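Trainee:
Numbering (the numbering used here), first residue to last: 405 to 521.
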């Protein structure tokens with residue numbers, strides 16, 4: 405019982421030290437304004453350094469990542485066909501595919517696949 409208490413105290417102090425170190429190390433230094441500015445042949449930039457991009461590309465990327473992860477989750481279902489009950493496997497696979505199709509329908513309904521916007 406006492407060992408657990410000592411371990412708790414030790415980890416508490418270690419976590420506090422790590423938090424203080426992260427605060428100290430993550431401080432921004434405002435000593436040199438030019439250090440943080442983008443470099444354009446030694447001159448101050450005339451326009452914004454960050455180029456704006458279409459939000460639609462961002463949404464397509466998010467959709468791709470979501471469906472990519474879901475496809476990776478489908479792969480283990482196939483070998484489970486021989487290991488589990490057929491009825492349980494069918495119901496589980498059906499609900500997983502149904503959730504995928506509902507997500508696809510929602511994205512289609514929100515015009516996320518429409519490239520003319």
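Think of the CB as a built atom: it goes at the ideal place given N, C-alpha and C, for glycine as much as any other residue. Just so you know, these numbers come straight off a predicted model, no measurement behind them.
1) Could you tell me the alpha carbon to alpha carbon distance between residue 463 and residue 499, rounded to whole angstroms?
2) What first and last residue would you give for the alpha helix (DSSP H) that runs through residue 426?
3) State the CB to CB distance for the pair residue 497 and residue 481, rounded to an integer number of angstroms; the pair is presumed to be in contact (CB under 8 Å).
4) Looking at the structure shown, is residue 480 part of a helix, part of a strand, or coil, going by DSSP?
5) Does the beta-carbon distance from residue 471 to residue 506 come in below 9 Å?
Mentor: Reading from the atomic positions:
1) Just so you know, the alpha carbons of residue 463 and residue 499 end up roughly 25 Å apart.
2) It spans 406-429 - the alpha helix (DSSP H) in which residue 426 sits, taken as one unbroken run.
3) Right, their Cβ atoms sit about 6 Å apart.
4) DSSP places residue 480 within a helical segment (H, G or I) once states are collapsed to three.
5) Result no, Cβ atoms of residue 471 and residue 506 do not sit closer than 9 Å.
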